[in-house]
Amino acid sequence: VDVVQPALFAVMVSLAALWRSYGVEPAAVVGHSQGEIAAACVVGGLSLEDAAKVVALRSRATVELSGRGGMLSPPLSAAELAGRLVARDGLSVAAVNSPSAVVVAGDGQALDALLASCEADGIRARRVPVDYASHSAHVEAV
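Counting from 1, one number per residue, gives the positions in the sequence shown under UniProt numbering.
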């Protein structure tokens with residue numbers, strides 16, 4: 001995390017600079033999670049130096065969350081997922097990526113139980129290969 005996130009930020013900002021060097025100017029720039037930092041930099045809301053500092057500090061903080069949780073990506077709508085989360089403590093919706101793709105974050109055992117429940121119902125969910133629970137109550141610890 002402490003290496004990958006700064007590297008991804010550098011790629012995002014560099015690609016935007018490359019596109020601009022070819023005369024491609026975006027009408028709008030959006031980002032999710034760490035991408036929000038790159039987007040803010042690309043549109044001038046943050047200087048490159050300030051954005052890089054934010055990414056470095058965010059990466060360091062994320063390392064403190066390692067080993068405390070995880071994330072799961074089931075191909076469900078937010079409404080379908082909500083019904084599965086009612087009886088489960090320790091989980092929350094971390095992202096709604098599309099009408100049929102969400103990410104759940106939280107405690108590892110609760111994620112394992114949700115994964116087993118999905119698989120039992122023929123839903124092909126997968127664990128996101130991280131050992132922290134971004135976009136959840138876990139982040140409040142840092």
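Every residue, glycine too, gets a C-beta built ideally from N, C-alpha and C.
Segment contact flag, the stretch 119-135 with the stretch 82-98, C-beta cutoff 8 angstroms, min 3 pairs: yes
Identify every residue that forms a DSSP beta bridge with R126. S73
Would you say I37 reaches chain D, if we count a Cβ-Cβ gap shorter than 9 angstroms as a contact? No chain D appears in the structure shown, which is made up of a single protein chain.
Excluding sequence positions up to five away, which residues of its chain have a Cβ less than 8 angstroms from the Cβ of S14? none
When burial is assigned at 16 or more other CB atoms within 10 Å of the CB, is S21 buried or exposed? exposed
Under the three-state reduction of DSSP, which class applies to S59: helix, strand or coil? helix
Is the beta carbon of S66 sitting closer than 9 angstroms to the one on V102? no
Do you know whose CA, among Q109, D50 and G70, lies nearest R88's CA? Q109
Here's a check: name, in chain order, each residue in its chain whose Cβ is nearer than 6 angstroms to the Cβ of C118, leaving out the five neighbours to either side. P74 and A125
Out of C41, E64, V43 and A78, state which residue places its alpha-carbon closest to the alpha-carbon of A141. E64
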